[in-house]
Amino acid sequence: KSTLMKIIAGLLEPSAGRVTLDGHDIVADPGYVRARLGYLPQDFGLNPELTGEEMLVYLLRLKGVDAPKGVVHLAQELLERVNLSSARARKIGTYSGGMRQRVGIAQAIAGDPRLVVVDEPTVGLDPVERNRLYGLLAELAESRIVILSTHIVEDIGVLCPRFALIRGGRVVADMTPRDALASLEDRCFEGAVTGEAMQALRERYLVTRAFLVAGEHRVRVHVPEGEAPSGFAPVPPTLEDAYHLLLDGHLLRDERASASGGEARA
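If you're matching positions, the sequence shown starts at 919 in our numbering and goes up one per residue.
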């Protein structure tokens, strides 16, 4: 995922294919794309000894962002947009993970880019900070294109009107969350199992989740056709079910085809 984000941001050249914005190729015409692009990498360095305002001013000057009213004024406006005005005079070293991410988003949206690329923005955030970031990203997406990479299924359901799932460098799914759930309608079941029965269950069905409830082992399975396991009841599908089916389902088909000497296609 991060490799794709770096290609879109113009930091890596693709080995095949191309990325365009408004018909402009990012390799052939990088200036056009970069002038309209904001990028937040998964890992970015912030000086813990600088205040939030000082750090953002430094980043804006590095980017050469046009600031008619001055770069300090622009930094203050951006910090207000990401709800960090009250913390702008505090040192970065006192910021939480979510606050640091918001500084990163502030620099990414400087210059009002049409395309914002964010790489794993919610990693390491607690639920409160994650919800704040969800609200900010959703607001940004109202007026521009936002592309984000994530391995957290909750991010998809909360933020994304459309998603692509990548495995082994290939897109194995490209759909809306609603379509993903609709494809699993009446195909997800849940029930209690013993340890001895688990292996037999895995050999016959795709297990999308195993968990404990009041000391009882329970599992969710996907049943593409035929009858569900005895004692299992139908349950509404979730995006986590879809994720495992799309990802592990392709993996299982590949393994089974390989074992039988056949050819698997994604």
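Glycine included, every Cβ here is placed at the ideal spot set by N, Cα and C.
Check, Outcome
"Assign Ala1028 to buried or exposed, taking buried as 16 or more other Cβ atoms, counted over all protein chains shown, within 10 Å of its Cβ.", "buried"
"Which value, in whole angstroms, describes the spacing of the CA atoms of Arg1032 and Ala1059?", "10 Å"
"Are the C-beta atoms of Gly1086 and some chain C residue less than 7 Å apart?", "The structure shown has no chain C; it contains just one protein chain."
"Could you give the distance in angstroms between the alpha-carbon of Gly935 and the alpha-carbon of Phe962?", "27 Å"
"Considering His1135, what are the terminal residues of the alpha helix (DSSP H) in which it resides?", "Here His1135 belongs to no alpha helix (DSSP H); instead the beta strand (DSSP E) covers 1134-1140."
"Give a yes or no on whether the C-beta atoms belonging to Val1035 and Met923 are separated by under 7 Å.", "yes"
"From what residue to what residue does the beta strand (DSSP E) around Leu1033 run?", "1033-1037"
"What first and last residue would you give for the alpha helix (DSSP H) that runs through Ser933?", "Element bounds for Ser933: n/a, residue is neither H nor E."
"With distances taken from CA atoms, which of Glu967, Gly941, Arg1127, Leu977 is nearest Gly956?", "Leu977"
"Starting from Met1017, follow its DSSP beta bridges and name the residues at the other end.", "Note: Met1017 sits in no beta bridge, so no partner."
"Can you find at least 3 beta carbon pairs, one from the region 1140-1147 and one from the region 1070-1082, that sit closer than 8 Å?", "no"
"Which one of His1135, Pro1154, Val1089, Ser1101 has the shortest CA to CA distance from Lys919?", "Val1089"
"Are Val878 and Glu931 touching if we call contact CB-CB under 7 Å?", "Residue 878 lies beyond the stretch modelled for the chain, which goes from 919 to 1184, so this question has no answer here."
"So, using beta-carbon positions, are Gly1016 and Arg1050 closer together than 7 Å?", "yes"
"What is the DSSP secondary structure of Thr938, reduced to helix, strand or coil?", "strand"
"In this structure, does DSSP put Thr1068 in helix, strand or coil?", "coil"
"With Glu1195 as the anchor, note down where its beta strand (DSSP E) starts and where it stops.", "Residue 1195 lies beyond the stretch modelled for the chain, which goes from 919 to 1184, so this question has no answer here."
"Lys1009: which of Ala1026, Gly1149, Asn965, Ser1148 sits nearest, CA to CA?", "Asn965"
"Among Val1071, Gly941, Pro1152, Ser1148, which has the Cα closest to the Cα of Asp1104?", "Pro1152"
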